[in-house]
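Let me begin by presenting the structure, written as structure tokens, before commenting on it.
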Amino acid sequence: MIEVKSLRKVYKLSKKQMLKNNTVERKKVAVDNISFVTNKGEIFGLLGPNGAGKTTTLRCISTLIKPTQGEILVDGLNINKQAEEVRKKISFLTNELKLDTHFTPKYTMEYFGSFYGLSKREIEERTEYLFQEFGIDNFAYTKIEELSTGMKQKLSIAVSLIHDPELVIFDEPTNGLDIITARAVMNYLQKLREQGKSVIISTHIMSVASKLCDRIAILIDGKIRANGTVQEILYKTGADDLEDAFFKLYNNVSIGEKI
Amino acid sequence: MNKNLSVIIKKELKRVFTDKRIVFTAFILPALSIALIYSIMGVALGNMIEDREEYIPKAYVRNMPQKFENLISNEPYNDMVDIEKISDDKELENIKEKIKLGEIDILVVFEKNFEEKLKNYENKEKPSIKTFYNSSEDYSSDARFGLFNQLFSRYENMVIGERLGNIEYTSAFNIDIGSEINDLVDEKEATGKGLSFLMPMLISIFLFAGAMGIGMDSIAGEKERGTMATLLVTPLKRETIAFGKIISLSIISIISALSSFIGIIVSFPFSKAVLGGDKDMNLTNLKFGASDLGKLFIIMITLVGIYVGLICLLSIIAKTVKEAGTYITPVYMIVMASSFMNMFSNSDPEMWQFLIPIYGSVVAIKNILMFQLTWTHVLISASVSVVSTIFLIYLIKKMFNNEKVMFG
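Heads up: the sequence lines are chains A and B, in that order. In this text, residue positions in the first sequence follow the numbering used here: the first is 492, and each later residue adds one. In this text, residue positions in the second sequence follow the numbering used here: the first is 170, and each later residue adds one.
Pasting the structure below:
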């Protein structure tokens, strides 16, 4: 479904940003020559600490930002040359994307649904299904500003799925969610996989990665340090669990830098 | 693209017009404030004018000639001034002090033996009159240059009439007597000229102010809140989002300006003196034809384009609403300055003035109100505005496609 080939993303830092990052380098390499593929009917995870390059990678795939080098194909479509076509097939969800709280869930679904070329009937059917799935149906006509945090987050997910995308990109899916909502989201991602969708998530939480993901790429300092199923990673690193495996890789990177 | 564009425009307008707070602060409150402020200003100005017209000045006179005293004691001047005679020169300094303080309006000092010298005019010795007044005090200034100028002129005619043997001989010719109308003013143009003093500036400022607050929130605010990014992950073209914002903001700007104008019109019975310089101005004299309205519409629409373009561009560059405010405020100052600059000009506009964006449009509006704007002027001014707007839209599109601008 997704082919990432030698992706590299370099940011130019302003003087303010250089001071903030405590660096004299004018450029920051957020993602450094990474490659991976994801398949349909699979949940692929990008696992790494803050600043590893996970969000940058997902933003590149979702066409929000352009790679500095490399190529990304989503279902054969080039994200640079066919950005709008790519966006029709994907949904991108992150805590940073918000909904206008002045409107109701129903209006919001209609609004975003119209951008994907859905007919009124299709929007209604998808809205009904997603609202039931996420328990929003009783709040369809309540202004978003009056909804609880958990309900707002579930609505954000519902809105991003209005067009029944083939690829779901989810940046930190359980971030800021209460335990019940987090479980509901994870269950829904598994459901999407069973429906044959391709799901790619980023997370820094080991338990989420190991419970949810079919395959994982561990990202540290912009590079993929390990890629495969949980079992393959454990075998490669000689670790007992994913957390151990991560720290072994992390320590190798730190030692390598010191050398 | 058209369907998506109309969806965005409808949503932007719905966002504004279904929010009671925004409707009140952006449309109702400005109209009410303007109606109230201009009414109060108009009433105050009217009262001030009336007060000056009805005021009886306090005058002190030294060595007043008898004939002058007779003149001032009879109709029509006897009710127009309160005269005190001074008997001693020692009082003069004290009176001058009181004039400085505004307690007395004018001191008139005739030369000693004034009438004697008038009679001996063949000696070519002209007697003199000295007046003392305070130009910073309205009553004093009015007394000196209004009433007493009239009195001196009348007195002089009396004296010359005596010398010639008949007061009729003091007037060598007649000017504008008879029932024929001499003032060939077009009432429509006169009323328009009165309005053209303040109205162009007000139109310009209302259009900008109407777009400013909502524009900053609609773009910089959405970036800050994260709702802009939600739009950017959809298949929408960036240009569609940009155009949707620009068109909806233009509509809001015009409606906001209209509501401010309703405030002006409501205040008009009281504020005529402030807005048009004449409290007796009759608005019904203003008969705009379809051509005049067409010109006004074109100039205003194209001016809105520049304003909305500027506000959108600066808002998209800013990371927050506060930052957008710091960029837009100096632009607002420039808009106000451009609007003020032509206020006091009465000469015919030069062609080059219409080539200056914003300023040219304000000049055009002023001349539409005076019924002097030609279609050539309209074409030049509107073209400049359209070209400026196209350039701004090009920059806005670039910004919408710039990831550093959109995502920091």
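Every residue, glycine too, gets a C-beta built ideally from N, C-alpha and C.
Cut-off 8 Å between Cβ atoms - residues of its own chain near residue i, not counting five sequence neighbours on either side
i	result
B/Asn571	none
B/Asn536	Ser365, Pro518, Leu542 and His546
B/Leu401	Arg407, Ile410 and Met575
A/Ile671	Gly641
A/Leu590	Thr599, Ile635, Lys643, Leu646, Ser647 and Val650
B/Thr300	Ile275, Leu276, Val277, Val278, Arg313 and Phe317
B/Lys566	Arg407, Glu408 and Ala411
A/Glu516	Leu504 and Met509
Contact under 7 Å by Cβ, residue i with residue j
i	j	result
A/Arg716	A/Leu740	yes
B/Leu483	B/Ser554	no
B/Ile203	B/Gly432	yes
B/Ser425	B/Phe193	no
A/Lys580	A/Glu685	no
B/Met381	B/Ile480	yes
B/Ile350	B/Arg313	no
A/Ala736	A/Ile724	yes
A/Ile552	A/Ile563	yes
B/Ser297	B/Glu285	no
B/Thr558	B/Ile475	yes
A/Ser689	A/Thr529	yes
A/Met677	A/Glu734	no
A/Val522	A/Leu498	yes
B/Ala493	B/Met385	yes
B/Asn511	B/Val532	yes
A/Tyr632	A/Lys597	yes
Amino acids of chain B, ordered along the chain, whose beta-carbon sits closer than 9 Å to that of residue i
i	result
A/Asp591	Lys180, Arg184, Glu391, Arg394, Thr396 and Thr399
A/Leu555	Ala398, Leu401, Val402, Glu572, Met575 and Phe576
Under 9 Å from the C-beta of residue i: neighbouring residues of chain A
i	result
B/Asp188	His593
Interface partners of residue i on chain A, CB under 7 Å
i	result
B/Leu405	Phe606
Under 8 Å from the C-beta of residue i: neighbouring residues of chain B
i	result
A/Phe583	Val402
A/Lys643	Result: empty, since nearest Cβ-Cβ is about 12 Å, beyond 8 Å.
A/Lys579	Pro404
A/Glu637	Simply none; closest approach about 14 Å.
Cut-off 6 Å between Cβ atoms - residues of its own chain near residue i, not counting five sequence neighbours on either side
i	result
A/Asp655	none
B/Gly413	Leu174, Ile177 and Ile178
B/Met601	Examination of residue 601 of chain B is not possible in this model, given that chain B is present from 170 through 577 alone.
B/Glu306	Gly271
B/Ile372	Ile534
A/Thr665	Ala673 and Val699
Expected contact under 8 Å - CB spacing of residue i and residue j to nearest Å
i	j	result
A/Ile493	A/Val577	Actually they are not in contact, since the Cβ atoms of A/Ile493 and A/Val577 sit about 10 Å apart, beyond 8 Å.
A/Leu584	A/Phe535	With 8 Å as the limit, A/Leu584 and A/Phe535 do not qualify as a contact, their Cβ atoms being about 15 Å apart.
B/Asp251	B/Pro226	7 Å
B/Leu182	B/Ile420	7 Å
B/Ile206	B/Val230	B/Ile206 to B/Val230, Cβ: 44 Å. No contact.
A/Glu663	A/Asn586	7 Å
Under 8 Å by beta carbon: chain A residues contacting residue i
i	result
B/Asn173	Ser605 and Phe606
B/Val176	Tyr602, Ser605 and Phe606
Beta-carbon proximity list for residue i, same chain, < 7 Å, skipping 5 on both sides
i	result
B/Arg323	Leu240
A/Ile750	Residue placement at A/Ile750 is flagged as unreliable, the pLDDT there being 41, under the threshold of 50; the coordinate-derived value follows with that caveat. Contacts found: none.
B/Gly361	Leu455, Leu538, Met539 and Phe540
B/Ser208	Ser436, Phe439 and Ser440
A/Val463	Outside the displayed span of chain A (492 to 750) sits residue 463 of chain A, for which this structure offers no information.
A/Leu588	Ser647
B/Met210	Ser440 and Val443
A/Leu683	Val659 and Val690
Residues bridged to residue i (per DSSP)
i	result
A/Lys496	A/Glu562
B/Lys441	The partner list for B/Lys441 (beta bridge, DSSP) is empty, contrary to what the question assumes.
B/Phe513	B/Phe513 pairs with nothing; no bridge assigned.
A/Gly719	A/Ile707
B/Ala228	B/Ile252 and B/Ile275
A/Thr618	Its beta-bridge partners do not exist; DSSP assigns none.
A/Asn569	A/Leu564
A/Ser605	Partner(s): none; A/Ser605 has no beta bridge.
A/Ser582	A/Val659
B/Glu294	DSSP lists no partner for B/Glu294.
A/Gly536	A/Ile692 and A/Ile707
Chain B contact residues for residue i, given Cβ-Cβ distances below 7 Å
i	result
A/Lys727	Here the premise fails: no neighbours, minimum Cβ distance about 34 Å.
A/Glu575	Pro404 and Lys406
A/Glu587	Gly395 and Ala398
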